[in-house]
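Student:
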Amino acid sequence: MSRRIKETPSKHRRCLSIMSGAMTMRYDDKLIEDAVLALLAAYSGENGNTWKGFDFEIMNRLHEHGFISDPVNRNKSVWLTDEGLERGRQIAERLFRVRTEAGDVSGSDV
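For the sequence shown, my numbering gives the first residue as 19, with consecutive numbering after it.
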């Protein structure tokens, strides 16, 4: 199954349209930036020095839970398993979905 992903950036949100399932998720870029900054700070040294990637132990634990492929390899990327992809999307939807004054934006409204 091939997936085409279309990214449409805007000032504070990104829309990812996954054509294979007619599913659309809208994420708030500001919330994502805040989450990345928080993770960088959480794993920084006293002087603010931090790695650009994710902590090795966390990646190993995600692999042990069956959410990602083995992170110990020569590649710079990992693959999400079906379970990891589903759970990750659920978490991203809960944490980063675009919220409006009228209420949350669901996938069918986009």
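Glycine residues also receive a C-beta, built at the ideal position from the N, C-alpha and C atoms.
1. Whole angstroms is fine: what's the gap from Y45's alpha carbon to R105's?
2. Counting along the chain, where does the alpha helix (DSSP H) carrying V54 start and finish?
3. Measure the C-alpha to C-alpha separation of T99 and Y61 and round it to an integer number of angstroms.
4. Is R115 helix, strand or coil when you go by DSSP?
5. For L80, does the count of other Cβ atoms within 10 angstroms reach 16, so buried, or fall short, so exposed?
6. Would you say the beta carbon of E64 comes nearer than 7 Å to a heavy atom of the ligand FAD?
Tutor: On the basis of the data shown:
1. Y45 and R105: Cα-Cα distance of roughly 16 Å.
2. Unbroken alpha helix (DSSP H) run through V54: 47 to 60.
3. Distance between the alpha carbons of T99 and Y61: 25 Å.
4. R115 sits in a strand when the DSSP states are folded into three classes.
5. Buried, by the Cβ-count rule.
6. In terms of ligand content, the structure shown is empty, and the ligand FAD therefore cannot be addressed.
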